[in-house]
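Engineer: Numbered continuously in my numbering, the sequence shown closes out at residue 866.
For glycine and all other residues, C-beta sits at the position ideal for the given N, C-alpha and C.
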Amino acid sequence: MQRTRVSGSVTPIVIVGSGFAGLAMAIRLKQAGIHDFTIFEQAGRVGGTWRDNHYPGAACDVESHLYSFSFEPNPRWTRMFAPQAEILSYLESCAQKYGLLPHIRLNTEVRGATFDEREGIWRVETSDGRTTTARVLVSACGGLNRPALPDIPGLGTFGGKTFHSARWDDSADLEGKTVAVIGTGASAIQIVPAIASKVGRLHLFQRTPPWILPKRDRAISEAEREWFARVPLLQRLARLRQYWWHELFALGFVAEPRIMKLAERLARAYLANSVPDPVLREKLTPAYTMGCKRVLLSNDYYPALLRPNVELVTEPIEAIEAEGVRTSDGVFREVDTLILATGFQAAEAVAPFAIRGRGGRDLNDAWRDGPEAYRGTTIAGFPNFFLIVGPNVGLGHSSMVFMIESQAAYVMSCIEAMQARRWKFVDVRPEAQSLENRKLQARFPRTVWSTGCVSWYQTRSGKNTTLWPGFTFEFRLKTRRFDPAPYEVVPMA
Numbered sequence: 374m375q376r377t378r379v380s381g382s383v384t385p386i387v388i389v390g391s392g393f394a395g396l397a398m399a400i401r402l403k404q405a406g407i408h409d410f411t412i413f414e415q416a417g418r419v420g421g422t423w424r425d426n427h428y429p430g431a432a433c434d435v436e437s438h439l440y441s442f443s444f445e446p447n448p449r450w451t452r453m454f455a456p457q458a459e460i461l462s463y464l465e466s467c468a469q470k471y472g473l474l475p476h477i478r479l480n481t482e483v484r485g486a487t488f489d490e491r492e493g494i495w496r497v498e499t500s501d502g503r504t505t506t507a508r509v510l511v512s513a514c515g516g517l518n519r520p521a522l523p524d525i526p527g528l529g530t531f532g533g534k535t536f537h538s539a540r541w542d543d544s545a546d547l548e549g550k551t552v553a554v555i556g557t558g559a560s561a562i563q564i565v566p567a568i569a570s571k572v573g574r575l576h577l578f579q580r581t582p583p584w585i586l587p588k589r590d591r592a593i594s595e596a597e598r599e600w601f602a603r604v605p606l607l608q609r610l611a612r613l614r615q616y617w618w619h620e621l622f623a624l625g626f627v628a629e630p631r632i633m634k635l636a637e638r639l640a641r642a643y644l645a646n647s648v649p650d651p652v653l654r655e656k657l658t659p660a661y662t663m664g665c666k667r668v669l670l671s672n673d674y675y676p677a678l679l680r681p682n683v684e685l686v687t688e689p690i691e692a693i694e695a696e697g698v699r700t701s702d703g704v705f706r707e708v709d710t711l712i713l714a715t716g717f718q719a720a721e722a723v724a725p726f727a728i729r730g731r732g733g734r735d736l737n738d739a740w741r742d743g744p745e746a747y748r749g750t751t752i753a754g755f756p757n758f759f760l761i762v763g764p765n766v767g768l769g770h771s772s773m774v775f776m777i778e779s780q781a782a783y784v785m786s787c788i789e790a791m792q793a794r795r796w797k798f799v800d801v802r803p804e805a806q807s808l809e810n811r812k813l814q815a816r817f818p819r820t821v822w823s824t825g826c827v828s829w830y831q832t833r834s835g836k837n838t839t840l841w842p843g844f845t846f847e848f849r850l851k852t853r854r855f856d857p858a859p860y861e862v863v864p865m866a
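1) If you draw a straight line from the C-alpha of residue 825 to the C-alpha of residue 629, how long is it?
2) What whole-angstrom Cβ distance do residue 430 and residue 566 have, given they're in contact under 8 angstroms?
3) Relative to the C-alpha of residue 835, which residue among 845, 846, 537 and 822 is closest?
4) Answer yes or no: the CB of residue 702 versus the heavy atoms of the ligand FAD, is any distance below 7 angstroms?
5) Going by beta carbon distance, what residues of the same chain come within less than 7 angstroms of residue 697, once the five residues before and after it are set aside?
6) Below 8 angstroms, can you find three or more Cβ-Cβ pairs linking the region 581–600 to the region 661–672?
7) Residue ranges of each alpha helix (DSSP H) run of no fewer than 4 residues wholly in the region 716–763, ordered along the chain?
8) Exposed or buried, which one is residue 729 when buried takes at least 16 other CB atoms within 10 Å?
9) Which runs of the alpha helix (DSSP H), 4 residues or longer, sit entirely within the region 407–454?
10) Let me confirm a value: residue 758 is counted as buried when at least 16 other C-beta atoms fall within 10 Å, else exposed. Which label applies?
11) According to the neighbour-count rule (16 or more other Cβ atoms, all chains shown, within 10 Å of its Cβ), is residue 634 buried or exposed?
12) Identify every run of the alpha helix (DSSP H) within the region 669–705, keeping only runs that are complete inside it and at least 4 residues long; order them along the chain.
13) Go through its chain and collect everything with a Cβ distance to residue 701's Cβ below 6 angstroms, but skip five positions before and after it.
14) In chain order, what residues of the same chain have a beta carbon less than 6 angstroms from the beta carbon of residue 375, not counting five sequence neighbours either side?
15) My output table needs one value for residue 376: the three-state DSSP class, helix, strand or coil.
16) Secondary structure at residue 490, three-state DSSP: helix, strand or coil?
17) Between the Cα of residue 426 and those of 481, 479, 518 and 803, spot the shortest distance and give me the residue it belongs to.
18) Are at least three pairs of beta-carbons, each pair with one atom in the region 603–614 and one in the region 453–468, less than 8 angstroms apart?
19) What residues in its chain sit with their C-beta under 6 angstroms from that of residue 712, if we drop five residues either side in the sequence?
20) Just confirm the distance between the C-beta atoms of residue 468 and residue 778, as a whole number of angstroms; I'd bet it's less than 8 angstroms.
21) How far does the alpha helix (DSSP H) with residue 805 in it extend, from its first residue to its last?
22) Threshold first: 3 residues or longer. Then list the beta strand (DSSP E) segments lying entirely within the region 486–547, N to C.
23) Do residue 464 and residue 420 have their C-beta atoms closer together than 8 angstroms?
24) Can you tell me where the alpha helix (DSSP H) holding residue 794 begins and where it ends?
25) Can you give the beta carbon distance from residue 569 to residue 677, rounded, assuming they're within the 8 angstroms contact cut?
26) When you compare only the Cα positions, how much space is there between residue 500 and residue 481?
27) By alpha-carbon positions, which one of 770, 386, 558 and 751 ends up nearest to residue 762?
28) Three-state secondary structure (DSSP) at residue 830?
29) Closest to residue 661 by CA distance: which of 640, 731, 648 and 645 is it?
30) May I ask which residues mark the beginning and end of the alpha helix (DSSP H) holding residue 564?
31) Per DSSP, residue 575 forms a beta bridge with which residues?
32) Would you list the one or two residues that DSSP bridges to residue 798?
33) Under 8 angstroms between the Cβ atoms of residue 658 and residue 507?
34) With a threshold of 6 angstroms on Cβ separation, who are the neighbours of residue 437 within its own chain once the five nearest residues in sequence on each side are excluded?
35) If residue 801 and residue 859 are in contact, beta carbons under 8 angstroms, what's the gap, nearest whole angstrom?
36) With respect to the beta strand (DSSP E) encompassing residue 711, which residues constitute its N-terminal and C-terminal limits?
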């Protein structure tokens with residue numbers, strides 16, 4: 374791929390982010406014999422969301438053998454659902470094994486990128502004051518990198534420690550303290566059991582209860598790990614079984630929501646067996662179709678709520694004051710530490726950094742009606758710019774690593790075509806992107822995500838810009854190779 378020198382440093386390909394998405398893209402480049410690329414990482418180590426989310430109890434809710442690269446199985450997982458530290462270690466080992474560390478510029482945040490149409494290059498500005506020029510720009514920042522802070526009056530006036538679950542304060546001493554946790558989503562149901570035994574008092578503020586199923590977690594014995602290491606086929610078969618089980622479960626999400634009633638019965642039975650108090654059980658019973666919001670897995674959340682030092686609060690928060698939290702019923706609860714387990718800004722139109730495409734158009738302006746992309750990967754008016762885990766690529770039922778690998782293969786196919794045919798840039802046509810997204814949005818009314826709840830999958834207008842409304846193998850087929858037909862292709866001069 375032709376180099377273009379303008380100012381600062383030069384690299385044919387820039388990748389932003391070093392989580393699963395960034396590493397997958399970089400490894401594909403290495404496997405294709407392309408070694409001239411740079412990865413910008415704003416943090417001091419690789420790992421993405423598994424570096425950032427290191428709160429107590431953090432673990433995956435997809436089986437370990439499936440939540441890993443297909444080309445890099447790990448026979449040494451210690452549990453069926455890997456804890457955060459093991460996943461982070463796995464990613465670091467992948468970066469080491471595939472020789473990615475020399476390509477990574479740590480502690481370097483991308484501040485902005487501007488496309489130069491005449492030269493067919495991206496000028497990437499970073500926090501160290503340098504400008505790097507690149508023919509191809511890949512954003513692998515993911516959708517779970519911007520914590521969502523609750524809009525609660527007085528949040529900034531609290532006098533104790535306050536932090537988001539994705540920005541856990543390791544210096545916070547919770548021993549014997551009175552702690553408030555706001556939110557009952559995926560992070561909260563892991564945090565609460567992990568800290569309940571050490572805090573003096575825990576107030577858990579719930580707006581909407583989640584549907585919860587038992588987690589089929591257990592330790593993987595040393596004998597099993599040894600068999601997986603000696604006979605890799607066994608691990609591949611375990612992964613295949615897990616994959617198709619999740620795809621079967623997807624029937625209730627994307628094809629026939631009534632199927633979710635069966636899973637709902639299991640969840641209700643699990644709740645009934647776990648929580649004998651009918652009043653508490655009523656507070657923990659969702660009033661929406663299972664799957665409309667994220668389905669959670671836990672074996673220890675309900676037991677934690679039965680502890681005498683744990684209180685579930687369902688009255689809305691009226692305000693946060695210097696010494697605690699006041700709810701709408703007038704009750705004031707003094708707290709020492711405030712933990713915001715309030716999720717991420719995943720659905721709204723927020724670019725990962727300042728991006729200007731053809732004619733200086735800002736990506737946030739292009740996304741003013743909600744983020745969208747072609748195959749979740751390319752955006753009209755932003756040539757040679759690729760998203761890994763872009764709009765409508767998220768999942769409610771399976772492993773995101775599968776989708777990441779699909780997108781990385783698609784981008785790699787495009788890069789190879791650009792090299793072989795000496796294209797300056799490719800830009801998906803607006804009409805192709807629009808048609809693709811109209812078809813995609815037309816599928817949502819028959820999915821479980823359109824059964825009436827309000828979730829972080831949707832924008833404020835109700836448009837689902839987060840999830841893929843189909844089976845993962847459908848997405849794999851759509852991204853198996855790059856087809857230039859929907860693109861404007863500009864050759865080298």
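Structural biologist: Considering the structure as presented:
1) Locating residue 825 in the sequence shown gives position 452, counting from the first residue. Locating residue 629 in the sequence shown gives position 256, counting from the first residue. Answer to the nearest angstrom: the Cα atoms are 15 angstroms apart.
2) Your numbering for residue 430 matches position 57 in the sequence shown. Your numbering for residue 566 matches position 193 in the sequence shown. That pair is a contact at about 6 angstroms.
3) On the sequence shown, position 462 is the one that residue 835 refers to. Closest in alpha carbon position to residue 835, among 845, 846, 537 and 822, is 822.
4) The ligand FAD is not part of the structure shown, which contains no ligands of any sort.
5) Taking the first residue of the sequence shown as position 1, residue 697 is located at position 324. Cβ-Cβ distances below 7 angstroms link residue 697 to 705, 706, 707 and 708 in the same chain, with the five nearest sequence neighbours on each side left out; the list follows chain order.
6) Because the criterion of three Cβ pairs below 8 angstroms is met, the region 581–600 and the region 661–672 touch.
7) Restricted to the region 716–763, the alpha helix (DSSP H) segments that are unbroken, complete and at least 4 residues in length are 736–739, listed in chain order.
8) Translated into positions along the sequence shown, residue 729 becomes position 356. Counting the other Cβ atoms within 10 Å of the Cβ of residue 729 gives 16 or more, which makes it buried.
9) Counting only runs of at least 4 residues, the region 407–454 fully encloses the following alpha helix (DSSP H) elements, listed from N- to C-terminal order: 422–425.
10) Along the sequence shown, one-based indexing puts residue 758 at 385. Per the 10 Å Cβ criterion, buried.
11) Your numbering for residue 634 matches position 261 in the sequence shown. The C-beta of residue 634 has fewer than 16 other C-beta atoms within 10 Å across all chains shown, which makes the residue exposed.
12) Correct list: 674–678.
13) As a first step, residue 701 must be located in the sequence shown, where it is residue number 328. Closer than 6 angstroms at Cβ, skipping near neighbours: 688, 689 and 691.
14) The residue labelled residue 375 in the question sits at position 2 within the sequence shown. With a pLDDT of only 44 at residue 375, under 50, the local geometry of the prediction cannot be trusted, and the value read off the model is given with reservation. Once the five neighbours on either side are set aside, residue 375 has no close Cβ partner at all.
15) In the sequence shown, the residue the question calls residue 376 occupies position 3. Confidence is the limiting factor: at residue 376 the pLDDT is only 45, short of 50, which leaves the residue's position unreliable, though a coordinate-based value still follows. Coil at residue 376, not helix or strand.
16) Stepping through the sequence shown from its first residue, residue 490 is reached at position 117. Of the three classes helix, strand and coil, the one that applies to residue 490 here is coil, per DSSP.
17) As a first step, residue 426 must be located in the sequence shown, where it is residue number 53. Answer by Cα proximity: 518.
18) Cβ pair count under 8 angstroms is below three, so no.
19) In the sequence shown, counting from the first residue as 1, residue 712 sits at position 339. Excluding sequence neighbours, residue 712 sits near 554.
20) Your numbering for residue 468 matches position 95 in the sequence shown. Your numbering for residue 778 matches position 405 in the sequence shown. Not a contact, Cβ separation roughly 16 angstroms.
21) For the purposes of this step, residue 805 is taken as the residue at position 432 of the sequence shown. Residue range 803–815 is occupied by the alpha helix (DSSP H) that includes residue 805.
22) Listed in chain order, the complete beta strand (DSSP E) runs (minimum 3 residues) inside the region 486–547 are 494–499, 504–507, 509–512 and 534–537.
23) If you number the sequence shown from 1, residue 464 lands on position 91. If you number the sequence shown from 1, residue 420 lands on position 47. Taking 8 angstroms as the Cβ cut-off, residue 464 and residue 420 qualify as a contacting pair.
24) Your numbering for residue 794 matches position 421 in the sequence shown. It spans 773–794 - the alpha helix (DSSP H) in which residue 794 sits, taken as one unbroken run.
25) Your numbering for residue 569 matches position 196 in the sequence shown. Your numbering for residue 677 matches position 304 in the sequence shown. At roughly 5 angstroms, the Cβ-Cβ gap stays under 8 angstroms, so residue 569 and residue 677 are in contact.
26) Translated into positions along the sequence shown, residue 500 becomes position 127. Translated into positions along the sequence shown, residue 481 becomes position 108. Each residue's Cα considered, the two are about 6 angstroms apart.
27) For this step, residue 762 is matched to residue 389 along the sequence shown. Cα-wise, what sits closest to residue 762 is 751.
28) Looking up residue 830 in the sequence shown gives position 457. Of the three classes helix, strand and coil, the one that applies to residue 830 here is coil, per DSSP.
29) In the sequence shown, the residue the question calls residue 661 occupies position 288. The shortest C-alpha separation from residue 661 is found at 640.
30) Looking up residue 564 in the sequence shown gives position 191. Its alpha helix (DSSP H) spans residues 561–568.
31) Taking the sequence shown and counting its residues from 1, one reaches residue 575 at position 202. According to DSSP, which records beta bridges pairwise, residue 575 is partnered with 552 and 683.
32) Numbered from its first residue, the sequence shown carries residue 798 at position 425. 863, per the DSSP bridge assignment.
33) The residue labelled residue 658 in the question sits at position 285 within the sequence shown. The residue labelled residue 507 in the question sits at position 134 within the sequence shown. Result no, Cβ atoms of residue 658 and residue 507 do not sit closer than 8 angstroms.
34) By 1-based counting over the sequence shown, the position of residue 437 is 64. The answer, listed in chain order, is 450 and 455.
35) As a working note, residue 801 is residue 428 in the sequence shown. As a working note, residue 859 is residue 486 in the sequence shown. Correct: roughly 6 angstroms between the Cβ atoms.
36) The residue labelled residue 711 in the question sits at position 338 within the sequence shown. Per DSSP, residue 711 belongs to the beta strand (DSSP E) from 710–713.
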